[in-house]
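J.: Here's a structure for you.
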Amino acid sequence: MANVSVFNMQGKEVGKMDLNDAIFAAPVHEHLLHLAVVAQLANKRQGTQKALTRAEVSGGGRKPWRQKGTGHARQGSIRAPQWKGGGVVFAPTPRDYTTGMNKKEKRAALKSALSNAVAENKLIVLDEIRFDEIKTKNFQSMLDAFKVNKAFVLLDQNDQNTVLSARNIQNVKTAQVNELNVYDVLKYGTVLATKAALLKLEEVYA
Numbered sequence: 001m002a003n004v005s006v007f008n009m010q011g012k013e014v015g016k017m018d019l020n021d022a023i024f025a026a027p028v029h030e031h032l033l034h035l036a037v038v039a040q041l042a043n044k045r046q047g048t049q050k051a052l053t054r055a056e057v058s059g060g061g062r063k064p065w066r067q068k069g070t071g072h073a074r075q076g077s078i079r080a081p082q083w084k085g086g087g088v089v090f091a092p093t094p095r096d097y098t099t100g101m102n103k104k105e106k107r108a109a110l111k112s113a114l115s116n117a118v119a120e121n122k123l124i125v126l127d128e129i130r131f132d133e134i135k136t137k138n139f140q141s142m143l144d145a146f147k148v149n150k151a152f153v154l155l156d157q158n159d160q161n162t163v164l165s166a167r168n169i170q171n172v173k174t175a176q177v178n179e180l181n182v183y184d185v186l187k188y189g190t191v192l193a194t195k196a197a198l199l200k201l202e203e204v205y206a
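Residue numbers (UniProt numbering): 1 to 206.
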């Protein structure tokens, strides 16, 4: 088992923790990481874009002038694409961008992301993260203690003081274990996790 240091919020080492190799020393599948990121970003898309084709624009039922003898180019409708107010050629229509991954792929991708974080020394384990008041300055001081300016913070419970203290800090996101995902682990690079959160994670994925 991988053995990592456990720190307090001031950045001082207060102990050690063994990590489950099934989660934190798993093979890194770059292909699955790619699929997971693409799926998550695609599933966020609304797909509600819409423009009208010449068949859907109102008006234009009558030929604007006769075919020959006017000196104008021939026209069949004032709602053809070349006219102002006309339809759009190959107009976008609503569509579903959802793409999926099966359960085993999702789990393998998440294990790959966490294992990669451990291998690159980007997983920082804290004994606890708890604030007595909502204060951004206090949360920033904790980040400064670890010399981190971009982090994904994994909590074992929904502590509002912690969540609200981190809310206004750019490039910092807090989440609980059930909100853990591959995209955020890769995007923020450094993962700050409480010891209790990692134990919960091992219960689910080990």
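We put the CB at the ideal spot given by N, CA and C, even for glycine.
1) Have a look at L19 and N8 and give me their C-alpha separation to the nearest angstrom.
2) Just how far apart, CA to CA, sit L192 and N3?
3) If you measure between the beta carbons of V182 and A22, is that distance less than 7 angstroms?
4) According to DSSP, what are the bridge partners of I124?
5) Check for me: the beta strand (DSSP E) holding A151 runs from which residue to which?
6) What first and last residue would you give for the alpha helix (DSSP H) that runs through D21?
7) Suppose contacts are defined by Cβ-Cβ distances below 7 angstroms. Is L33 in contact with A109 by that definition?
8) Put N8 into one of helix, strand or coil per three-state DSSP.
9) By Cβ distance below 6 angstroms, which residues in the same chain neighbour A151 in space, the five residues on each side in sequence not counted?
10) Would you check if the distance between the CB atom of S165 and the CB atom of I134 is smaller than 7 angstroms?
11) I'd like the span of the beta strand (DSSP E) that includes T70, first residue to last.
12) Have a look at A175, D132, R66, E128 and flag the residue whose alpha-carbon is nearest the alpha-carbon of G11.
13) If I measure Cβ to Cβ from F24 and keep anything under 7 angstroms in the same chain, skipping five residues before and after, which residues do I get?
14) Going by DSSP, name the residue or residues bridged to D18.
15) Just the C-alpha distance for R62 and T98, rounded to the nearest angstrom, thanks.
16) Taking 7 angstroms as the cut-off, decide whether the C-beta atoms of R74 and G59 are in contact.
17) Using alpha carbons as the reference points, say which of E13, G15, T93 lies closest to Q49.
18) Could you pull the start and end residues of the beta strand (DSSP E) that A108 belongs to?
19) Short check: CB of R54 to CB of G87, under 7 angstroms?
20) Looking only at its chain, what residues have a beta carbon closer than 8 angstroms to the beta carbon of V38, apart from the 5 residues adjacent to it on each side?
21) Give me the Cβ distance between V177 and M17, rounded to the nearest whole Å; I'm assuming they're in contact under 8 angstroms.
T.: According to the data block:
1) 18 angstroms
2) If you draw a straight line from the Cα of L192 to the Cα of N3, it comes to about 16 angstroms.
3) Remark: C-beta atoms of V182 and A22 do not approach each other more closely than 7 angstroms.
4) Bridge partners of I124 according to DSSP: L192.
5) 151-155
6) 21-24
7) yes
8) The three-state secondary structure of N8, taken from DSSP, is coil.
9) Once the five neighbours on either side are set aside, the close Cβ partners of A151 are V172, Y188, T190, L192.
10) yes
11) For T70, there is no enclosing beta strand (DSSP E), as DSSP marks it with neither H nor E.
12) E128
13) A2, L114, S115, V118
14) N3
15) 41 angstroms
16) no
17) Minimum Cα distance to Q49 is reached at T93.
18) Looking at the DSSP string, A108 is not in any beta strand (DSSP E); the run it does join, the alpha helix (DSSP H), is 103-119.
19) yes
20) T99
21) No, V177 and M17 are not in contact; Cβ-Cβ is about 16 angstroms, not under 8 angstroms.
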